[in-house]
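Shown next, in structure tokens, is the structure this report addresses.
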């Protein structure tokens, strides 16, 4: 059976599918459920049975679980320096890394069958070797308008306010995954997080506040229990360079 190339998030049924370099195969299991398998070049990478449900959904997932959970932070490096005049403000779009999850649903309850890298995950150190933090890493272009959807990337509108009386240069943005909320569009790879409000306090420090989602017509991700947000959303402080 020829594999069907997936064109976006959403429900999939019994069949063979192509996603990035992987082949996903879902087969019926004795009428009681399904068998799920993911392979690459003939090697099985994930294999499980689902009993009592045939409801399988492809969704975006926060970029802190693949290959394993080693950090809560994401560092977004800008592909060019943004020089901001004293007291000035600006806004632009960026892309942040995300991965892909395969959920199995029974009514409103779900479990994660598989976690798939959106692309080759990279990590970096933000700060000093002694006090810094490990972060999932991406280098992004700066966009005036919402960029075209890509597998493994979500979109965010960034608003920057330079509170200082000096020129400052912004080169990176640090995010905490616990404050991010993911939204997606079924049938495409369009995914968004909420608006990021960056307030620059000095030439080397800033804080990031998390606003409302700006992408319209999107579906909110059902967050896994271990990643559900707290009721209080805290700012992320950037103390080791901007």
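Residue numbers (our numbering): 1 to 242.
All C-beta atoms in this analysis are idealised placements derived from N, C-alpha and C, irrespective of residue type, glycine included.
Since this is a predicted model, take the numbers as computed values, not measurements.
Compare the C-alpha of residue 23 against each of 9, 43, 226 and name the closest.
43
Through-space distance from residue 106 to residue 12, alpha-carbon basis:
14 Å
Would you check if there are 3 or more beta carbon pairs closer than 8 Å linking the region 24-42 to the region 70-80?
no
Burial state of residue 153, where buried means 16 or more other Cβ atoms lie within 10 Å:
Buried is the call here.
Exposure label - residue 242; buried when at least 16 CB within 10 Å
buried
Report buried or exposed for residue 137, applying the criterion of at least 16 other Cβ atoms within 10 angstroms of its Cβ.
By the neighbour-count rule (16 or more Cβ atoms within 10 Å), residue 137 is buried.
If you compare alpha carbons, which of 48, 38, 41, 63 is closest to residue 227?
Nearest option by C-alpha distance: 63.
Tell me whether the beta-carbon of residue 61 lies closer than 8 Å to the beta-carbon of residue 96.
The answer is no: Cβ separation not under 8 Å.
Quick check on the burial criterion: 16 or more other C-beta atoms within 10 angstroms. Buried or exposed for residue 189?
buried
Label residue 202 either buried or exposed according to how many other C-beta atoms from any shown protein chain fall within 10 Å of its C-beta, with 16 as the threshold for buried.
exposed
Rounded C-alpha distance that separates residue 236 from residue 173
10 Å
Relative to the alpha-carbon of residue 185, which residue among 128, 5, 148 has its alpha-carbon at the smallest distance?
Among 128, 5, 148, the Cα nearest to that of residue 185 belongs to 148.
Tell me the DSSP secondary structure of residue 156 in three-state form.
strand
Among the residues of its own chain, which have a CB less than 6 Å from the CB of residue 157, if the five just before and after it don't count?
93, 195, 214
Beta strand (DSSP E) containing residue 41: first to last residue?
Boundaries cannot be given for residue 41, as no beta strand (DSSP E) includes it and DSSP labels it neither H nor E.
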